[in-house]
Amino acid sequence: MTYIDVFNGDADGICALHQLRLADPQTSQLITGVKRDIALVKQIHAKQDDIVTVLDISLDKNRDALNKVLDIGAKVTYMDHHFAGNIPEHSNLTAHIDTSAETCTGLIANKILEGKHLPWAVVAAFGDNLLSAARTAAEPLSLSDAQLQQLQTLGTLLNYNGYGASLSDLYFEPADLYQRVQPHASPFSFIEEDKAYVTLNDGFNDDHARATSIEAHTSDAKIAIYLFPNEPFARRISGVYANELAQQFPDRAHALLSESADGSYLVSCRAPVNNREGADELCRQFETGGGRKAAAGINSLPAKELERFSQAMQQQFG
Ligand SMILES: [Mn+2]
5 MTYIDVFNGD ADGICALHQL RLADPQTSQL ITGVKRDIAL VKQIHAKQDD IVTVLDISLD
65 KNRDALNKVL DIGAKVTYMD HHFAGNIPEH SNLTAHIDTS AETCTGLIAN KILEGKHLPW
125 AVVAAFGDNL LSAARTAAEP LSLSDAQLQQ LQTLGTLLNY NGYGASLSDL YFEPADLYQR
185 VQPHASPFSF IEEDKAYVTL NDGFNDDHAR ATSIEAHTSD AKIAIYLFPN EPFARRISGV
245 YANELAQQFP DRAHALLSES ADGSYLVSCR APVNNREGAD ELCRQFETGG GRKAAAGINS
305 LPAKELERFS QAMQQQFG
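If you read the sequence shown in our numbering, its first letter stands for residue 5, the second for the next number, and so on.
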């Protein structure tokens, strides 16, 4: 019998798994990837009675593979907050899915664990740009403003590390980053003791400075679209920078399009913070699009569809 942990390679995925494995330590096989690599369940080679945990990836995008794993006889616990569609009814499946805009997988895990490793759930929520949900969740911890800010920065950096078209864009492979987090019951000890924090912080600051020098391609009171060049810094910073713009201009929807090597665009889209819905609806109109109400993306938007995207965005948020 093998434990198989499948998780999104961002802050939320890492912090959700970390909470669960702090509560129930097991040696497990890790399956993850860049944040956008969400078709992870098909990578599972399960046997009967294996214990599979799937975190922070849309069930809708993994349903066929999930059904196969269930039919083999593995026991699956599935926790997520992305669009799920129909959830299979199977005696081997336990699903904890909550798609409300103010939660994330780390907060779902926290609820199940009754707050046992709450600081990591707060990091997860900050990572997913749920700033007010993170602050509310943190209240029982009675942290100082400076400590809360540290958790926010850690969430941002773990999230930042997940963005890229391939693992080679990233500072750390998400499985390695999870393993570096693993010895730390407290996020503050990770921040103080692991040099990964400094590496990510420095990388983030460099990428961020380059991002802020790029002006919007189109912008008005309701929407803004940015075009970023085909460079690793752009792929790494795009998602976190989109979150930042969303917080800065809370009534506006944002799309950040990073050019890929083949000329298509990798799209990060954010609904207005003051009305967190529609990002998934917009992105799902395109073949490789998906995500959740507040934050969604398109893996490969053909260059010739830029105008169509622009119009669809205007339609959705204009
Ligand atoms: Mn998430």
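Note that CB positions come from ideal geometry on N, CA and C, so glycine has one too. Bear in mind the structure is a predicted one, so any value in this text is a computation, not a measurement.
Query, Result
"If you draw a straight line from the C-alpha of P254 to the C-alpha of K297, how long is it?", "15 Å"
"So which of M5, T6 and V38 has the shortest CA-CA distance to I18?", "V38"
"Looking only at C-alpha atoms, which of A307, L261 and L135 sits nearest to G168?", "L261"
"Can you tell me which of the three DSSP states Q315 falls into?", "helix"
"Would you report the Cα separation of Q156 and H49, rounded to the nearest angstrom?", "36 Å"
"Answer yes or no: the CB of H85 versus the heavy atoms of ligand 1, is any distance below 7 Å?", "yes"
"Do H100 and I112 come within 8 Å of each other at the CB atom, strictly closer than that value?", "yes"
"Could you give the first and the last residue of the continuous alpha helix (DSSP H) run that contains C287?", "A283 to C287"
"Could you work out which residue in A299, E285 and S32 is closest to A316 when comparing CA atoms only?", "E285"
"Measuring straight from C-alpha to C-alpha, what distance separates G13 and P29?", "20 Å"
"Alpha carbons only, please: which of N133, N234, L122 and V80 is nearest the one belonging to V10?", "V80"
"For Y251, report the span of its alpha helix (DSSP H) as first-last.", "In the sequence under discussion, the amino acid at residue 251 is Gln, which differs from the Tyr named in the question. P236 to Q252 is the span of the alpha helix (DSSP H), which, as asked, contains Q251."
"Decide yes or no for the touch test of the segment 192-203 against the segment 59-73: beta carbon pairs closer than 8 Å, at least 3 of them.", "no"
"Pick from I241, H94 and V58: whose alpha carbon is nearest that of V45?", "V58"
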